[in-house]
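S.K.:
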Amino acid sequence: MKSQKFNSKSILKYVFSALVGFINGFFGGGGGLICVPTLEKVYGLHTKKAHATAISIMLPLSIASSVVYLLNNKIDLPNAGVITAGVILGGLIGAYALKKCNEHIIRWLFVAILIAAGVKMIV
């Protein structure tokens, strides 16, 4: 097995990965807001691939965080169950739309959502 050489870029990747995990665990899903730009800038992925990769990263991360919250009785199970159906449907529609959408449009939609979220946090 080839040993990996540690350099500043590989250390940066681990730091950002840990940051994404922390933000997702702490805020409940906000890690994607950090994950997508990290995948684009640090890992060099194109927009569509960065979004799709971020989604695949969020699943095991969300499961791990959910286990902690579940063990600490912090999840409203009846509402979580009902909402899950809508989230799955929305996720399928969103994944299909991502596949069909132009990368330029995806980038601007993502920026618009980030700005809207920032404004909502301030107001």
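So the sequence shown is numbered by my numbering: it starts at 1 and just counts up by one. Using N, Cα and C, we set each Cβ at its ideal position, and we do this for glycine too.
1. Could you tell me the boundaries of the alpha helix (DSSP H) in which LEU45 lies?
2. Taking MET58 as the reference, which of ALA18, ASN102, GLY81 has the closest Cα?
3. Can you tell me whether HIS46 is buried or exposed? The criterion is at least 16 other CB atoms within 10 Å of its CB, across all chains shown.
4. Which ranges would you report for the alpha helix (DSSP H) in the region 76 to 121 if only whole runs of at least 4 residues count?
5. Taking 7 Å as the limit between beta carbons, can you name the residues of its chain near LYS48, skipping five residues before and five after?
6. What is the C-beta distance between LEU61 and GLY31, in whole angstroms, given that I count them as a contact (C-beta under 8 Å)?
7. For VAL36, which residues from the same chain have a beta carbon less than 7 Å from its beta carbon, with the 5 sequence-adjacent residues on both sides left out?
8. Under the three-state reduction of DSSP, which class applies to GLY28: helix, strand or coil?
9. Could you tell me the alpha carbon to alpha carbon distance between ILE11 and LEU39, rounded to whole angstroms?
10. Kindly give me the distance between the Cβ atoms of PHE16 and VAL42, rounded to whole angstroms, as I take these residues to be in contact under 8 Å.
11. Just the C-alpha distance for ILE115 and LEU77, rounded to the nearest angstrom, thanks.
12. Assuming SER65 and ASN24 are in contact, meaning their beta carbons sit under 8 Å apart, how far apart are those beta carbons, in whole angstroms?
M.R.: Here's the rundown:
1. Indexing the sequence shown from 1 puts residue 45 at position 45. Element bounds for LEU45: n/a, residue is neither H nor E.
2. The count along the sequence shown starts at 1 and reaches residue 58 at position 58. Minimum Cα distance to MET58 is reached at ALA18.
3. What you label residue 46 is simply residue 46 of the sequence shown in a count that begins at 1. Result: exposed.
4. 77 to 100
5. To locate residue 48, count along the sequence shown from 1; it is residue 48. If we look at LYS48 and ignore the five residues flanking it on each side, its Cβ neighbours are LEU98, GLU103, ILE106.
6. Taking the first residue of the sequence shown as position 1, residue 61 is located at position 61. Taking the first residue of the sequence shown as position 1, residue 31 is located at position 31. Sure, about 6 Å apart at Cβ, within 8 Å.
7. Taking the sequence shown and counting its residues from 1, the one referred to as residue 36 is at position 36. Closer than 7 Å at the Cβ level, and outside the excluded window around VAL36, lie ALA50, HIS51, ALA54, PHE110.
8. The residue you call residue 28 lines up with position 28 of the sequence shown. GLY28: coil per DSSP, three-state reduction.
9. Sequence index remark: in the sequence shown, residue 11 carries index 11 (1-based). Sequence index remark: in the sequence shown, residue 39 carries index 39 (1-based). The straight-line gap from Cα to Cα measures roughly 14 Å.
10. Counted from its first residue, the sequence shown places residue 16 at position 16. Counted from its first residue, the sequence shown places residue 42 at position 42. Contact flag correct, Cβ pair sits at about 6 Å.
11. One-based indexing of the sequence shown puts residue 115 at position 115. One-based indexing of the sequence shown puts residue 77 at position 77. Going by the C-alpha atoms only, they are around 31 Å apart.
12. The residue labelled residue 65 in the question sits at position 65 within the sequence shown. The residue labelled residue 24 in the question sits at position 24 within the sequence shown. Contact between SER65 and ASN24 holds, since their C-beta atoms are separated by about 6 Å, short of 8 Å.
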